[in-house]
Amino acid sequence: MNGESLIKPGMSAAVVGCGRAGLAMVEFLAHSGAHVLASDTRLLADFAGNEQDLLKRCTVGFEGGGHSVEFLSQAELIVVSPGIDLRHPALTRLRHGGAALVGELAVAAPLLRAPVIAITGTNGKTTVTEVVGALLQEGGRRVFVGGNIGTPVGTCLLEAADVEVIVLEVSSFQLELSGGFIPRVGVLLNITPDHLDRHGSLDHYAAAKMRIFQGGPEQTDIVINGDDPLTATYVPATVAAAARRFGCRQGAAAMVDGEGVVLAADGGRQVFPLGGSSLNTASGRMNSAAALLAVQRFGLDPAAIRRTLATFQVGPHRMQVVAEIGGVRFINDSKGTNTGAVISGLRQVGSRVILIAGGKDKGEDYRLLRDAVKQTVKHLILIGEAAPSLAEALGDLVPWTPAGSMEDAVRQSAALAIFGDTVLLSPACASFDMFANYKQRGDRFAAAVERLAEEP
1 MNGESLIKPG MSAAVVGCGR AGLAMVEFLA HSGAHVLASD TRLLADFAGN EQDLLKRCTV
61 GFEGGGHSVE FLSQAELIVV SPGIDLRHPA LTRLRHGGAA LVGELAVAAP LLRAPVIAIT
121 GTNGKTTVTE VVGALLQEGG RRVFVGGNIG TPVGTCLLEA ADVEVIVLEV SSFQLELSGG
181 FIPRVGVLLN ITPDHLDRHG SLDHYAAAKM RIFQGGPEQT DIVINGDDPL TATYVPATVA
241 AAARRFGCRQ GAAAMVDGEG VVLAADGGRQ VFPLGGSSLN TASGRMNSAA ALLAVQRFGL
301 DPAAIRRTLA TFQVGPHRMQ VVAEIGGVRF INDSKGTNTG AVISGLRQVG SRVILIAGGK
361 DKGEDYRLLR DAVKQTVKHL ILIGEAAPSL AEALGDLVPW TPAGSMEDAV RQSAALAIFG
421 DTVLLSPACA SFDMFANYKQ RGDRFAAAVE RLAEEP
């Protein structure tokens, strides 16, 4: 990417939100010679010891307990972490007053020298990002993999000077303030309603996603889902005309065909089988097709690609079979935090499902689940703050019961299940009402299932 760095030695720069991404940005800004201010809702004493050390070492001022105009207005540049809502009153006042607010991608854009593959979409981002990274590594490339997963963008700026390809999962939150960020390859996996509590509407959410293509086909190789109706609705015509598509339809550049993917290449066809691999699911095949198009320009050896796809292991919390007890499968899909992901999971499982759903509401319309629930679910177990909303949207279709904890939900599910049933944790909600994150939620589910398996 081209352009002049936003960070000048001696300038004052503030970081709003000191989670993992924010702390990485604090360290990078200090390393670049900026005088760093940091603002967080937590007090300094609430941070872990190593985080306190970093903040004391890298900042000239820290504000805890919230974000104030008075503190942040000291900065020439304000870097807003992805988890911070731009509608925060202090940020709104600062923006209206002419303050320069940017996100981590805007800071990174002029500094990234290696080609960037950026992957976004509502569902599947993490898996595709991991597959793309694995394909490039097996192909002998030096790769940085991170962004919205794993290693933050700030760490990439500090440590990725000698890499050949940068692979980033990018969220709608990151893309909101992405500045001049223009990837060499941009992948849009799908669009389903998500984070509407933050974006306000599906239109605004989709508009944030579309920023991945702001460089147009002249600067970005465009990869989109050819089967997804909302992608077709929201992708601009100029982008759509230049896009390479993946999907199940004839003519796709990467076409899902049975238990494999057929890739159009140099006027011919390359077949990449997935049978027997962890990617041989409905979503896994689509994710593999997207990944193959993402790396196509890098000229990888087809044999190395086949080896990677055959051995790749999908990460936990994504349709992960935890156990089978008495002929009942228990599946952890804690990463299913929106209605689109739940619908996909239910389609993969089939029928006779006991669905554990609920958590922190993100503003979605749970009635979008009605068809899938009616076809596949025999009983709903509802947890968390969103349980009443889910019951109102779906409770007339199937029986439902509330559960006060994950352990209670697993025990109720086990009592209801008979041979051949599936207990599926796919919440359609964020986790923050009951858990630190979706990983802790999935771990609690898995632990409860494992304890169940140990009982007589």
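If you use UniProt numbering, the sequence shown closes out at 456, no skipped numbers anywhere. Each residue gets a CB set at the ideal place from its N, CA and C atoms; glycine is no exception.
Self-check item: Beta carbon of residue 118 nearer than 8 angstroms to that of residue 144
Solution: Taking 8 angstroms as the Cβ cut-off, residue 118 and residue 144 do not qualify as a contacting pair.
Quiz prompt | Bridge partners - residue 360, DSSP secondary structure assignment | solution = 430
Quiz item: Ends of the alpha helix (DSSP H) at residue 287?
Solution: 282 to 295
Quiz item: If we count Cβ pairs, one from each stretch, closer than 8 angstroms, do we get three or more for the segment 435 to 450 versus the segment 404 to 414?
Solution: yes
Quiz item: Given 8 angstroms as the limit, is there contact between the segment 122 to 132 and the segment 331 to 342, that is, 3 or more CB pairs closer than that?
Solution: yes
Quiz prompt | Alpha carbon of residue 435 to alpha carbon of residue 441, nearest angstrom | solution = 6 angstroms
Practice problem: Please list, in chain order, all residues of the same chain as residue 177 whose beta carbon is under 7 angstroms from its beta carbon, the five residues on each side excluded. | Solution: A distance below 7 angstroms between beta-carbons, with the five flanking residues on each side excluded, links residue 177 to the following residues of its chain, in chain order: 80, 101, 102, 103 and 106.
Self-check item: residue 209 burial status per 10 Å Cβ neighbour count (16 or more: buried)
Solution: Sixteen is the threshold: when 16 or more other Cβ atoms of the shown chains lie within 10 Å of the Cβ of residue 209, as they do, the residue is buried.
Quiz item: By Cβ distance, which residues of its chain are closer than 6 angstroms to residue 32, with the 5 residues on each side in sequence left out?
Solution: 7
Exercise. Taking residue 224 and residue 237 to be in contact with their CB atoms under 8 angstroms, please state how far apart those CB atoms are, rounded to whole angstroms.
Key: The pair is not a contact, with the Cβ atoms about 13 angstroms apart (cut-off 8 angstroms).
Quiz item: Between the segment 343 to 357 and the segment 370 to 382, are three or more C-beta pairs nearer than 8 angstroms?
Solution: yes
Quiz item: Counting pairs of beta carbons, one from the segment 165 to 177 and one from the segment 188 to 206, are three or more of them closer than 8 angstroms?
Solution: yes
Quiz prompt | Proximity of residue 248 and residue 221 at Cβ, strictly below 8 angstroms | solution = no
Self-check item: Proximity of residue 295 and residue 54 at Cβ, strictly below 8 angstroms
Solution: no
Quiz prompt | Cβ pair residue 28, residue 154 closer than 8 angstroms | solution = yes
Quiz item: If you draw a straight line from the alpha carbon of residue 321 to that of residue 424, how long is it in whole angstroms?
Solution: Approximately 9 angstroms, taken between the alpha carbons.
Practice problem: Tell whether a beta-carbon distance below 8 angstroms holds between residue 128 and residue 287. | Solution: Yes.
Quiz prompt | residue 270 to residue 289 span [Cα, whole Å] | solution = 12 angstroms
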